[in-house]
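Notes follow once the structure below has been shown.
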């Protein structure tokens, strides 16, 4: 049964964290310190995930439900709502929305093959604790 605003306002904190379910993965998490957080629990690619949708009362019941519905639309499109909130947009190959590719620079190299990354790798290996003993042996 969906939550009502009256139930949410009447909910009191207990010694342990408590969940008040609203439906379709949306619930209100009541913490022992009295804070109330809207959370959405969902599955994508066989993994269970949890995202925060806001703090009650700043985010009301209707707004939390709207955010839940928006997240469910993303799930239906095959996108992860948690990744999408952060502005994550995976690079695509051509017009195929399912073909992903690593980001490439115009020269054809990946971002991690730039010269400064090679310099970081060299410094990391030069600072290795066994470096001096290995140099003495050769």
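Numbering (our numbering), first residue to last: 916 to 1053. Even for Gly, the Cβ is constructed at its ideal location relative to N, Cα and C.
With contacts defined by Cβ atoms closer than 8 Å, residue 940 and residue 983 form a contacting pair.
In this structure, residue 976 sits away from residue 954, with a CB-CB distance that is not shorter than 8 Å. Comparing alpha carbon positions, the residue from 987, 948, 950 and 974 closest to residue 965 is 987.
If you look at residue 934, you'll find it isn't in any alpha helix (DSSP H); it sits in the beta strand (DSSP E) that goes 933 to 938.
Collapsing the DSSP output to three states places residue 969 in a strand.
Beta-bridge analysis with DSSP links residue 959 to 962. Assignment of residue 989 by DSSP, reduced to helix, strand and coil, places it in the helix class.
Residue burial is scored here from C-beta neighbours: residue 945 has at least 16 other C-beta atoms within 10 angstroms and is therefore classed as buried.
When secondary structure is reduced to three states using DSSP, residue 927 falls in the coil class, being assigned neither helix nor strand.
Rounded to whole angstroms, the separation of the alpha carbons of residue 994 and residue 937 is 23 Å.
Sequence-distant partners of residue 956 (beyond 5 residues in either direction) whose C-beta falls short of 6 Å from its own C-beta, in its chain, are 940 and 965.
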